[in-house]
Every structure is written in C-alpha cells, then in structure tokens.
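2 protein chains.
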Amino acid sequence: MLVQKYKDMLSGKSVIRQLSEFATARGQEIGYENVFDYSLGNPSVPVPREFTDRMIHMLATKEPLELHGYSPSLGITSVREAIAENLEKRFGLPYRKEHIFMASGAAGALAHAFRLVTEPGDEILTFAPFFPEYHPYVDLTGAVLKVVPPNLENFQINFEAFEEMLTEKVKAVLINTPNNPSGVVYSTPTLQRLADILREKSKEYGHIIYLISDEPYREIVFEGVDSPCVSYFYDNTIMCYSFSKSLSLPGERIGYVAVNPACEDAETMINMCGQISRGIGHNCPPSIIQLAVAQVLDKTADLSVYETNMNILYKELLDLGFTCVKPGGTFYIFPKALEEDAKVFSQKALKYDLVLVPGDSFGAPGYFRMAYCVDTEKVERSLEAFRKFVKTEYGKESL
Amino acid sequence: MLVQKYKDMLSGKSVIRQLSEFATARGQEIGYENVFDYSLGNPSVPVPREFTDRMIHMLATKEPLELHGYSPSLGITSVREAIAENLEKRFGLPYRKEHIFMASGAAGALAHAFRLVTEPGDEILTFAPFFPEYHPYVDLTGAVLKVVPPNLENFQINFEAFEEMLTEKVKAVLINTPNNPSGVVYSTPTLQRLADILREKSKEYGHIIYLISDEPYREIVFEGVDSPCVSYFYDNTIMCYSFSKSLSLPGERIGYVAVNPACEDAETMINMCGQISRGIGHNCPPSIIQLAVAQVLDKTADLSVYETNMNILYKELLDLGFTCVKPGGTFYIFPKALEEDAKVFSQKALKYDLVLVPGDSFGAPGYFRMAYCVDTEKVERSLEAFRKFVKTEYGKESL
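Residue numbers (our numbering), protein chains in the order written: chain A, 1 to 399; chain B, 400 to 798.
This is how it looks when you write it as structure tokens:
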C-alpha cells in the first residue's frame with residue numbers, strides 16, 4: 001500500500017506550476033518571447049565567469065578521487081572555514097567552521113533547521129506574505145506551520161497578530177527577508193522588536209524560541225535600502241542560506257546552515273545536523289560545487305538587472321493606479337489586484353499574455369506576485385500589454 | 400529545546416568512523432602508505448576520463464542559465480529518458496522516463512523508497528550481514544527496521560528465519576546485492592525463492608510487500624559470477640541506484656529510483672517521490688551532474704582492480720586458515736575472525752597496522768569486513784603484516 005498523504009498531494013497542483021505550464025504552452029503557440037511570464041522565481045542572469053573558470057580548472061587539474069570524493073557529513077572542512085571567515089568579515093560575528101553546516105540549497109538547510117528544534121505537534125510561526133513551500137517543508141516533518149496575517153500597510157510584521165499567536169507551543173519563528181513574494185526587507189526596528197518579543201517569551205515559557213532566518217535573497221538588495229543582518233539582533237538565530245539566487249545556480253543545490261556563534265549549544269546543533277541528514281537521505285551537497293562556491297564567496301551574478309526591472313514596473317504600476325509597496329530587494333513585487341479576487345484578476349490577465357500569480361497561496365488574498373527575473377527588454381514590452389489589460393478590463397488609464 | 404533523539408545520536412560514534420580516524424592518526428605518525436587501512440568503502444580508481452571531458456565541455460559551451468537551472472522535481476527529463484533507455488537495453492524491461500526519479504545518491508533514493516511504502520510503525524525487513532546505515536535511514540522515518548539473521552554458510556538468505564519474521568506488519572523487504580559487507584551476489588535461486596515468498600505473503604496479507612533493491616555495487620561483479628537483475632523476478636520492485644561506486648564519484652550525490660514498469664501504480668509512485676522530496680528538503684541532485692552522468696551511462700571507472708585485490712586477499716586468507724565466503728562482487732570481503740569476539744580480533748590487528756572492521760554492526764558478530772578499494776601494491780604489502788598478526792596472536796602460519 002502506498003502512503004496516502006503523498007498520493008493525496010498529487011491532486012493539489014500548485015498555482016505557480018499551473019501558470020508556468022500555461023506560459024510554456026502559450027509560448028509554443030506565439031513564441032515564448034511574446035509571453036510576459038512573471039510566474040517563476042528563476043534567476044535570469046548568468047553565474048559569474050569566475051565560478052565556471054574555477055570549475056573547469058578543478059576538473060582539469062585536480063586528482064579526481066579527491067575532487068569527487070565523499071564530503072564529511074557536515075561539509076568539506078575547508079569550505080566551512082571559508083564560509084565562516086567570509087561571514088565574520090561581512091557581519092562582524094565570530095563565526096567559525098563549527099557554526100557552519102553545508103546543505104543542498106535552502107530547502108536542504110531548512111529541512112535540517114526544522115528538525116533541530118521541533119518535535120511533531122510543535123508549532124512554527126511565519127509571517128504572510130510567505131513562500132508557500134514552507135507548508136510542505138514544515139508540515140511533513142510533523143510540526144505545524146501557522147501563518148501570522150500580513151501587515152498590509154508595508155509588509156513588515158503584524159506584531160499584534162503575532163503576539164496573540166505566540167503561544168507556548170511555538171518552538172520557532174521563521175522569517176524570510178528580503179521577502180518572497182513582497183520584495184520587502186525587514187527594517188532594523190522590525191527585527192529589534194521581533195527579537196525583544198522572542199527573548200521575553202522564551203523567558204516566560206522557559207524554553208528557547210528559535211529564529212529561523214531563510215536568506216536566499218540576502219545579496220539582492222536595492223540602492224539605499226537598509227538590510228540588517230538578522231543574526232545581529234537575536235542570539236538564537238539559525239541562518240539558512242542558498243547560493244541559488246546570488247550566484248544564479250539554483251539547479252546545483254548548494255547552501256548552508258549557519259548557527260549564530262552566540263547561540264546556546266551552537267556547535268552541538270551543527271553536529272546534530274549531521275545526524276538529521278542520516279534520516280532524510282541528505283548526505284551533503286555535491287563536493288565539486290562546495291569547492292567551487294568556496295572560491296567565489298565575494299562574487300555574485302550581475303544582480304543589477306533586478307533593480308532596473310523593479311523601478312520600471314513599480315513606476316508603471318503606480319501610474320496605472322495600483323497600490324503597491326516598493327520592494328527593497330529580491331526579484332519580486334506584490335501589488336494589490338484591481339478586484340477583490342486576485343485569482344479572477346490573474347485569470348483575466350492571461351488574455352493579454354501576462355502571467356501573474358495570485359497571492360492567495362502566499363497568505364495574502366487580493367494581491368498578486370510578479371517575478372521580474374526576466375530580460376529588461378521584455379519587461380518594457382510587457383508594459384503595453386499591462387496598459388491594455390487594465391484599460392480593457394478595469395477602464396483605467398495610465399497617468 | 401533541541402530535539403533529544405538527534406542529540407542522543409551524537410554520543411554513538413560509529414566503529415567504522417573510529418577506525419578510520421585511527422588510520423588517519425596513525426598515518427600521520429608512520430606515513431599513511433604504511434597503514435593497511437581496510438576500513439572505508441571509498442572508491443580507489445578515478446572517474447572515467449569521459450565524465451571529466453563532458454563536464455568541462457558543458458561548462459565551456461553551454462548557456463549557464465540552462466546548465467545550472469532548476470531541475471524539474473523528478474529530475475531532468477532528458478536524463479530520465481536516457482536512464483530508462485539504458486535500463487531497457489541492459490535488462491530488457493520496458494523502462495520509460497515515467498519510471499525514473501533522480502535522487503541524490505543511494506541515500507537519497509532510499510529515503511524516498513522508504514517513505515513511499517511505509518507509515519510510522521510499519522516494518523521493513525533486511526538480511527544480515529547488512530549496511531549499518533540502514534538503521535538510521537529507516538528508523539528516523541518512524542518505520543522499524545528488523546534484521547533477519549545471516550545464512551552463515553554462504554551469505555545468501557536465511558529463508559527459515561525470514562519466513563518467521565515476515566508478519567503482516569512488514570510492508571517492504573530491503574536487499575543489497577552485490578552485498579556490503581559480504582561481497583556476495585544473490586543467486587537466481589535465491590531471488591526466485593524470495594520473490595515467490597513475497598508474492599504468496601502479499602496475497603495472504605492483502606497488501607503488497609515491496610522489494611526495495613539497493614544496488615550501488617551492481618557494476619562491480621567478478622568473472623564468471625551470475626548477477627541477475629532483481630527487478631526481473633518481482634514486479635513490485637523499487638530499484639535504488641547510485642553512480643558513486645560505478646563512476647567513482649561518491650561526493651557528487653547522484654543516483655535514482657527506478658520503479659519496475661510492471662509494478663502496480665509505477666508512475667504514481669514516481670510522482671509521489673516528487674512530493675516526498677518537499678518534506679525532506681531534497682529538491683533533486685545537482686543539474687550539471689545529472690547532465691554529465693547521462694552522457695556516460697555505458698561507462699564505468701576501471702573496476703578491475705577490485706577483482707585483482709579480492710583474488711589476492713581471498714587466497715591469502717584461505718592459506719592462513721580463515722573461513723571465508725568468496726565475494727562475487729563489490730570491494731568487500733567478510734571473513735570469520737580467529738576468535739569469537741571480532742572486536743577484540745580487530746583491536747589486536749591494529750598493533751600490526753591492519754585496520755579491519757568487526758562485523759557486529761553489520762549484524763554478524765564474529766566476522767570482520769575488509770574494504771579492499773586500495774592500491775594493489777598496498778594490498779600485497781599488507782600480506783606480510785597479516786601473516787605476522789596471525790602467527791603472533793594465534794600461532795597460525797600460512798600454508
């Protein structure tokens with residue numbers, strides 16, 4: 001007998017996936033360049049040349065058994081050292097290799113973080129709008145993900161709702177800043193207040209409430225935006241990082257868990273990650289990719305295109321009368337739809353070959369997400385489709 | 400509060416790990432070339448040149464966004480097609496891409512297989528001697544691994560004990576042929592009888608008992624040894640494969656699940672694997688490695704050294720009076736120790752710089768494992784140490 005819960009999941013196809021399939025099919029009809037596909041958060045700029053060069057150099061010169069050999073279960077020691085050193089240099093916290101666990105992307109990192117601090121039945125809180133995959137990531141561990149409703153004013157934290165939901169059952173709070181889908185970066189006052197509350201409630205409940213900080217968009221922050229280091233505010237922070245977006249290599253599955261050096265039992269937690277791996281078939285990210293990223297820790301892909309695209313879209317959206325919080329980073333923007341049901345709104349947009357994702361699955365019905373990791377030229381061409389859509393369907397014209 | 404079960408695991412250091420650490424430390428004293436380290440199952444021959452060439456070629460010529468992009472959750476379509484075609488050609492079963500799920504090594508493949516067919520509390524049976532990591536792999540899912548005692552005559556299956564343990568609670572049987580640690584390949588009569596029993600009991604209990612076949616050593620089979628395809632005997636077989644040993648790239652984490660095309664619900668099972676991934680942070684093996692192995696499916700590293708080493712060791716062990724089943728494949732041999740407690744035996748061997756792993760954790764106390772994936776020259780040099788060890792400690796001389 002097959003396990004029913006996984007079988008049941010097959011019928012629930014994700015909206016993002018469906019829209020992306022629409023875009024592909026429509027692309028075959030009219031040419032993909034004519035489909036304004038804002039559905040998927042796939043990087044659109046190439047990996048830095050240095051990464052490719054280092055990969056080729058290692059393949060051409062390194063002894064294959066060493067290059068492709070088993071990685072220790074916590075990750076290759078020299079790689080962990082390089083990452084710790086880089087984090088210390090950037091953030092001024094005394095990271096050492098003992099605080100670093102190499103993981104196969106953010107999904108791998110989060111899978112370890114959740115299992116470190118929750119037993120089945122325990123609760124994890126996150127804040128809307130949020131990345132919908134958090135649900136299967138958490139729920140399939142046996143823990144329970146609860147979503148704090150959004151602060152619609154600025155997509156910072158709705159503290160009132162948060163404090164109400166922060167009961168004794170909560171063992172961890174999961175944040176994602178810069179945020180998918182809103183593009184918003186949590187401010188210093190936000191993180192300060194969050195940390196204060198976590199400290200107070202940890203004390204009151206007699207157990208640590210961990211802060212799990214999912215940071216795959218950390219390097220994509222726009223000009224003039226303050227993007228504070230989360231671990232700086234709260235000792236018991238488990239940072240989950242992925243190189244997918246910063247280096248544009250989402251398929252290579254590489255990231256890490258970094259436990260704040262000030263966290264109680266930090267080293268034990270990293271060692272525990274190695275044990276958790278045994279139960280989930282993890283066994284480390286690929287050796288050659290570990291070795292390659294360790295050589296380009298100060299590099300990123302050319303991320304400037306995302307800011308260019310954001311500025312174009314943000315301006316046009318405002319001109320068209322949308323309500324929209326200005327993104328501080330990422331490659332997402334999350335405006336309010338022009339009618340109450342964003343699913344209907346997104347469905348209508350398809351007629352204009354605009355692929356927009358309704359915000360319902362992100363915990364913010366009535367909003368929609370655009371992933372603008374596409375060529376700027378295409379963003380510009382999409383504006384005409386946008387104007388036509390808004391005028392025809394909602395009788396609005398650009399200012 | 401950190402989760403206790405993972406914390407507890409930290410104190411139980413594996414014997415293999417301890418011995419390997421001894422070997423490294425001793426190597427620093429007397430030179431690693433003088434330590435006869437038979438502890439670790441790490442390939443000792445390089446990846447085929449073609450793999451390296453293909454990797455470099457792709458890095459030098461392919462569009463980076465395509466090369467390093469997200470893989471679909473079941474694996475890259477062209478890679479799944481290539482593997483299905485290759486399996487069909489080799490084994491004559493009608494594999495299609497719909498039967499293939501790309502996984503990060505055998506550990507990743509098994510993690511999916513176990514979750515496909517067992518709920519917490521269900522039992523999985525395996526046969527001693529067995530790979531000790533099966534315990535955390537299974538037990539941490541909530542299912543229960545039970546070990547059928549060994550058939551000490553030839554390390555095939557102890558069917559009497561098996562039939563006794565095959566109760567209604569058993570949802571899957573896990574085999575590993577060619578076998579780690581015995582090196583034995585299950586024969587056609589063994590697999591035939593196993594399949595007959597599984598069919599009969601599935602019928603009797605009214606639920607399918609799946610056969611999970613862990614086959615990382617499939618390509619390492621010695622001359623004249625019949626190595627039948629497990630899936631050929633039993634429709635409800637879930638094959639778990641890894642390229643770690645055949646291509647000598649254990650660090651790159653690449654393998655697959657192949658569900659027998661004749662298995663009821665085969666396609667559903669593969670789709671379910673994509674859902675299971677979401678709960679364990681899997682998200683596919685690295686894209687570039689998937690694309691590279693698909694181009695060398697008919698290649699292996701030069702595996703002949705393992706047979707050479709086996710023949711040298713097997714002859715010497717018999718000459719020294721050891722009882723030993725001749726391996727049919729892998730790079731392991733599993734002789735009977737010269738005293739009852741193999742842990743004491745292995746401890747004494749260390750005085751002669753011979754690193755042998757006691758069989759207790761493999762479910763066969765009184766035996767010991769040698770992983771002869773080392774240079775032949777070193778194997779030959781180790782014979783003198785072996786003779787001295789056996790003569791000094793047990794008063795036995797080579798014939």
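By construction, the Cβ of each residue, glycine as well, lies at the ideal position given by its N, Cα and C atoms. A quick note: this is a predicted structure, and the numbers were derived from the prediction, not measured.
Within its own chain, the residues whose Cβ lies closer than 6 Å to the Cβ of K570(B), once the five positions on either side in sequence are excluded, are V516, T517 and D521, listed in chain order. For the region 635-661 of chain B, the set of positions with a beta-carbon nearer than 7 Å to some beta-carbon of chain A reads S647, L648, P649, G650, E651 and R652 in chain order. R369(A) places its beta carbon 8 Å or farther from that of L320(A).
Q275(A) reaches chain B at Y405, M408 and L409, counting residues in chain order whose Cβ is nearer than 7 Å. Think of a sphere of 8 Å around the beta carbon of L59(A): the chain B residues whose beta carbon falls inside it are T451, M454, I455 and L458, in chain order. When the beta-carbon positions are compared, S231(A) and F91(A) come within less than 8 Å of each other.
Chain-ordered listing is empty here: chain B has no CB closer than 8 Å to the CB of D375(A), the nearest sitting near 11 Å. DSSP places E21(A) inside the alpha helix (DSSP H), whose first and last residues are V15 to I30. Taking 3 residues as the shortest admissible run, the region 616-673 of chain B contains the following complete beta strand (DSSP E) segments, listed from N- to C-terminal end: 636-641 and 654-658. Looking at the DSSP output, F334(A) bridges to nothing.
Restricting attention to Y633(B), E776(B) and S419(B), the CA atom closest to the CA of T589(B) is found in Y633(B).
Look at E123(A) here: in three-state DSSP terms it is strand. Residues of the region 98-119 of chain A with a Cβ closer than 8 Å to any Cβ of chain B, in chain order: A103, S104, G105, A107, G108, A109, L110, A111, H112, R115, L116, V117, T118 and E119. Contact between Y731(B) and S581(B) holds, with the beta-carbon distance rounding to 7 Å and staying under 8 Å. When the alpha-carbon of L145(A) is set against those of F127(A), E307(A), E393(A) and E160(A), the nearest one is in F127(A). In the DSSP assignment, N309(A) falls outside any beta strand (DSSP E) and within the unbroken alpha helix (DSSP H) covering S304 to D319. Only residues of its own chain outside the window of five on either side were considered, and among them L716 and P734 have a CB closer than 6 Å to the CB of C723(B), listed in chain order.
Per DSSP, the unbroken alpha helix (DSSP H) holding M454(B) starts and ends at R448 to T460. For R80(A), the uninterrupted alpha helix (DSSP H) run begins and ends at T77 to F91, by DSSP.
Collapsing the DSSP output to three states places M769(B) in a strand. For S202(A), the enclosing alpha helix (DSSP H) begins and ends at T188 to Y205. At the C-beta level, H99(A) and P261(A) come within 8 Å of one another. Burial state of G680(B) is buried, judged by a 10 Å Cβ sphere holding 16 or more other Cβ atoms. Shown here, Y38(A) sits in coil according to DSSP, grouped into three states, outside any helix or strand. Per DSSP, reduced to three states, the secondary structure at P132(A) is coil, with no helix or strand assignment.
Of the candidates L610(B), Y793(B), R677(B) and P577(B), the residue whose Cα lies closest to the Cα of F744(B) is Y793(B).
Residue contact check for R677(B) against chain A: a CB pair falls below 8 Å. Assigned with DSSP and collapsed to three states, G329(A) falls in strand. About 6 Å separates the CB atoms of F450(B) and L646(B); that is less than 8 Å, so the two are in contact. Distance from P549(B) to P535(B) at the Cβ level is roughly 21 Å; contact not present, criterion being Cβ atoms closer than 8 Å. The contact set of Y137(A) on chain B, defined by CB atoms closer than 8 Å, consists of R677, G678 and G680 in chain order. When C-beta distances to chain B are compared with 7 Å, the residues of the region 204-219 of chain A below that value are H207 and I208, in chain order. Its chain contains V79 and A82 as the residues whose beta carbon lies nearer than 6 Å to that of A294(A), once the 5 sequence neighbours on both sides are disregarded; these appear in chain order. Among the CB atoms of chain B, one or more fall inside 8 Å of the CB of P46(A).
Ranked by Cα distance from P178(A), the options E133(A), F389(A), E219(A) and R199(A) are led by E219(A). In this structure, the alpha-carbon of S398(A) lies about 10 Å from that of E384(A).
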